[in-house]
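According to the UniProt record's numbering, the sequence shown is numbered sequentially starting from 1.
Where is the CB? At the ideal position from N, CA and C, for every residue including glycine.
This structure is a prediction, so every number in the text was calculated from the model and none was measured.
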Amino acid sequence: MAKRQWGETLYVLAQKGVMTEEMQQVAEKEGVSPEYVMSEVAAGRVVIPVNIVRPRAQYDGIGKGLTTKVNANIGTSLGTSGVEREIHKLQLAVECGAHAVMDLSTGPDIDGVRQALIKDCPVAFGTVPIYQATVEALEASGAFIHMTPEQMMDAVRKQAEDGVDFMTIHCGLTREAIERLRSHPRIADIVSRGGSFLTGWMLQHDKENPFFERFDEILEIARRYDITLSLGDALRPGCVADATDRGQIQELIILGELVDRCRQAGVQVMVEGPGHMALHQIEMNIKLQKRLCEDAPFYVLGPLVTDIAPGYDHITSAIGGAIAASAGADFLCYVTPAEHLSLPNDEDVRMGVIASRIAGHAADLAKGIPSAVQRDRAMGMARKALNWTKQRELAIDPRPFEAHPHTRTEEGCSMCGPYCAMRIVSDHLGKPMTHC
Ligand code: SF4
């Protein structure tokens, strides 16, 4: 890839009509024309997370007309996980088909952990810089409240230099948004970790959010490295009863205005969204985000459609994610069965990625994305042909085929035994059991 000059972000290049390798690769993967990708990047409806200091072999586009993408959160936490274990989770998430991973580490040596994780990461790598500023302030002074705006900016800068491709910045959490939170009380208040750190800091110091006040500096860093900013939703609802309240919408309005500033600065941007939310509110929330944020790609954290299923939140979020993505959300953050219970283990990571991929694919079918439609059609044909090898190839997760190894033959499977409907109907219609 030709070395890009300062400020030559994919957004800027697309607007000038310059086709890049990343755009071509995304087009090839998605089965759309390179010109389509370029025009959508230029319009800000598609982002391709990259960092000019970390060229990768594969890139993915997130946004309109493309398949729904999935992110897996990993990262150390104090005393419960080390870097080796998190590297393994990263590899597992990628093996299961995650298109991005985010390092949410809050354990010791955050720089070392991030550098180890990002080193061989083949997919887009994201971070939340406020975590680093918070943890370092706590380590240095015994209280996160002592962090300074400069430490917050340093975390953004350091992570950019390390090659991070996208960053969650909680820049829409303003004093006014906190006032809305007070005037329209919630049950769970704030459940975003970054949001809670910033709220504590802002209230303690009686100051505005530094990420909001110094947004121009963040834009300069993002433009230098072509980092995609992911505008964080600090006020995402943390229980179904809190969804779509004044605080959440106040923050979304600010995020929409910051999307405009990103585009004026030539920076790729996407917006983060809820959270916990009942089924009937999801479509309206997606449409509202797209309207207020000028069609910026939408990255949703769930939504979890009920609060009462701990241990099964990969399912509650897959239900919400499928509805959200079919209504226009573009990027799903996985939720694992360990959500609300503990740091996820390997099996939780696997289940979380697979559940989100199912949700994304179900939405892609509903949106009529050609590659998704073709894959399901091929699976239907393979089932009818009792072609187990093909079915395994087409499955989102091939493992269940290995878990039941001796139950399938060319005559059917052990479910119906000699009464296999696929075979019986073919026999009587005189249709050959063609192997596709
Ligand atoms: S035996 Fe029953 S479940 Fe198995 S392939 Fe035939 S119809 Fe499907």
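- [ ] Can you grab the Cα-Cα spacing for the pair residue 11 / residue 404, in whole Å?
- [x] 48 Å
Task: Reference residue 373, options 380, 365, 379, closest by Cα - done: 365
TODO: May I ask whether a heavy atom of the ligand SF4 can be found less than 7 Å away from the beta carbon of residue 429?
DONE: no
Open item on the list: Would you call the stretch 301-316 in contact with the stretch 222-232, where contact means no fewer than 3 C-beta pairs closer than 8 Å?
Closed with: no
Task: Terminal residues of the beta strand (DSSP E) in which residue 230 lies - done: 228-231
- [ ] Using only the heavy atoms of the ligand SF4, determine whether one of them is closer than 7 Å to the beta carbon of residue 338.
- [x] no
Task: First through last residue of the beta strand (DSSP E) which encompasses residue 343 - done: That residue, residue 343, is in no beta strand (DSSP E); it is neither H nor E in DSSP.
- [ ] From the DSSP output, read off the bridge partner residues of residue 207.
- [x] Bridge partners of residue 207: none, in fact.
Task: Beta-carbon gap between residue 130 and residue 215 smaller than 8 Å - done: no
Open item on the list: Can you tell me whether residue 152 is helix, strand or coil according to DSSP?
Closed with: helix
TODO: For the beta strand (DSSP E) holding residue 57, just list the boundary residues, first then last.
DONE: Element bounds for residue 57: n/a, residue is neither H nor E.
- [ ] Thinking residue 268 and residue 68 are a contact (beta carbons under 8 Å), I'd like their distance in whole angstroms, please.
- [x] That pair is no contact at about 18 Å.
- [ ] Would you check if there are 3 or more beta carbon pairs closer than 8 Å linking the stretch 58-65 to the stretch 319-327?
- [x] no
TODO: Anything with a beta carbon under 5 Å from a heavy atom of the ligand SF4 counts; list them all in chain order.
DONE: 412, 413, 415, 416, 420, 421, 422
TODO: Grab the span of the beta strand (DSSP E) containing residue 169 for me, first residue to last.
DONE: 166-169
TODO: Please determine, among 42, 23, 407, 35, the residue with the shortest C-alpha to C-alpha distance to residue 16.
DONE: 42
Task: Sub-8 Å separation of residue 51 and residue 163 beta-carbons - done: yes
Task: One or two residues paired with residue 127 in a DSSP bridge - done: 103, 167
Task: Three or more C-beta pairs below 8 Å linking the stretch 178-187 and the stretch 134-149 - done: no
TODO: Pick helix, strand or coil for residue 332, following the three-state DSSP scheme.
DONE: strand
- [ ] Evaluate the contact criterion for the stretch 347-356 versus the stretch 89-101: three or more CB pairs, one atom per stretch, below 8 Å.
- [x] yes
Task: Cβ neighbours of residue 266 in the same chain (closer than 7 Å, five flanking residues each side left out) - done: 7, 9, 11, 12, 223
Open item on the list: Below 8 Å on the Cβ atoms is my contact criterion, and I expect residue 218 with residue 169 to pass it. Report the Cβ-Cβ distance as a whole number of Å.
Closed with: 6 Å
Task: residue 70, enclosing beta strand (DSSP E) - first and last residue - done: 69-74
Task: Neighbour-count burial assignment, residue 191, 16 or more Cβ in a 10 Å radius - done: buried
Task: Residue of 116, 305, 262 minimising C-alpha distance to residue 279 - done: 305
- [ ] Work out the CA separation of residue 391 and residue 236 for me, nearest whole Å.
- [x] 39 Å
Task: Buried or exposed (CB count within 10 angstroms, at least 16 for buried), residue 28 - done: exposed
Task: C-beta contact flag for residue 320 and residue 381 at 8 Å - done: no
TODO: Classify residue 280 as helix, strand or coil using the three-state DSSP reduction.
DONE: helix
Open item on the list: Comparing C-alpha positions only, which one of 226, 128, 262 sits nearest to residue 48?
Closed with: 226
Task: Nearest candidate by alpha-carbon position, reference residue 54, set 82, 261, 22, 83 - done: 22
Open item on the list: Tell me the residue span of the alpha helix (DSSP H) that contains residue 37.
Closed with: 34-43
Task: Where residue 115 falls, given that 16 or more other Cβ within 10 Å makes a residue buried - done: exposed
Task: Selected residue, minimal CA-CA separation from residue 298, among 329, 307, 310 - done: 329
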